[in-house]
Amino acid sequence: LYDVMGSAGIACDLSHIETKANVTGYIGSRSLRESLKGSDLVMIAAGSAMRSVWTTEEILEINAPIIKEFAHACAHVCPDAFIAVITSPIDTLVP
Numbered sequence: 001l002y003d004v005m006g007s008a009g010i011a012c013d014l015s016h017i018e019t020k021a022n023v024t025g026y027i028g029s030r031s032l033r034e035s036l037k038g039s040d041l042v043m044i045a046a047g048s049a050m051r052s053v054w055t056t057e058e059i060l061e062i063n064a065p066i067i068k069e070f071a072h073a074c075a076h077v078c079p080d081a082f083i084a085v086i087t088s089p090i091d092t093l094v095p
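Numbering (UniProt numbering), first residue to last: 1 to 95.
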């Protein structure tokens with residue numbers, strides 16, 4: 001689990017779910033590539049908190065660089081992983 005702002009609490013909560021999967025929290029842009037190592041599935045739910053007054057173009061300007069950073073890291077670290085993007089504006093970011 002990766003988050004630029006911190007994910008330790010969520011990672012701790014998820015680690016208590018009875019499953020074979022291990023959950024580790026990663027924080028900050030320097031740990032992005034480390035967080036992707038060995039990934040078969042990458043779900044990108046990233047972006048700035050939206051405000052209802054923002055236009056699609058404004059949201060795109062904020063979130064596109066974030067998705068670009070993730071895509072670049074995935075291409076280098078886990079090129080065979082399935083990538084799911086669930087970031088607004090989804091109709092613009094995913095062809």
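Even for Gly, the Cβ is constructed at its ideal location relative to N, Cα and C.
Residue j beta carbon less than 9 angstroms from that of residue i
| i | j | result |
| --- | --- | --- |
| ALA81 | VAL42 | yes |
| ILE83 | ALA71 | yes |
| GLY6 | ILE27 | yes |
| SER39 | GLU69 | no |
| VAL53 | ILE67 | no |
| LYS37 | CYS78 | yes |
Identity of the residue in the options nearest residue i by Cα
| i | options | result |
| --- | --- | --- |
| THR56 | ALA21, ILE27, SER88 and ILE17 | SER88 |
| TYR2 | ILE66, LEU32, ILE59 and ALA73 | LEU32 |
| GLY25 | ILE17, THR19, GLU58 and GLU34 | GLU34 |
| CYS74 | ILE90, VAL53 and ILE44 | ILE44 |
| ILE90 | ILE59, ALA8, ILE17 and GLU18 | ILE59 |
8 angstroms contact criterion, which residue i and residue j should meet: CB distance rounded
| i | j | result |
| --- | --- | --- |
| VAL23 | LEU14 | 4 angstroms |
Within the UniProt domain "Lactate/malate dehydrogenase N-terminal" (1-94), note down every full beta strand (DSSP E) run reaching 3 residues or more, in order along the chain.
-> 41-44 and 82-85
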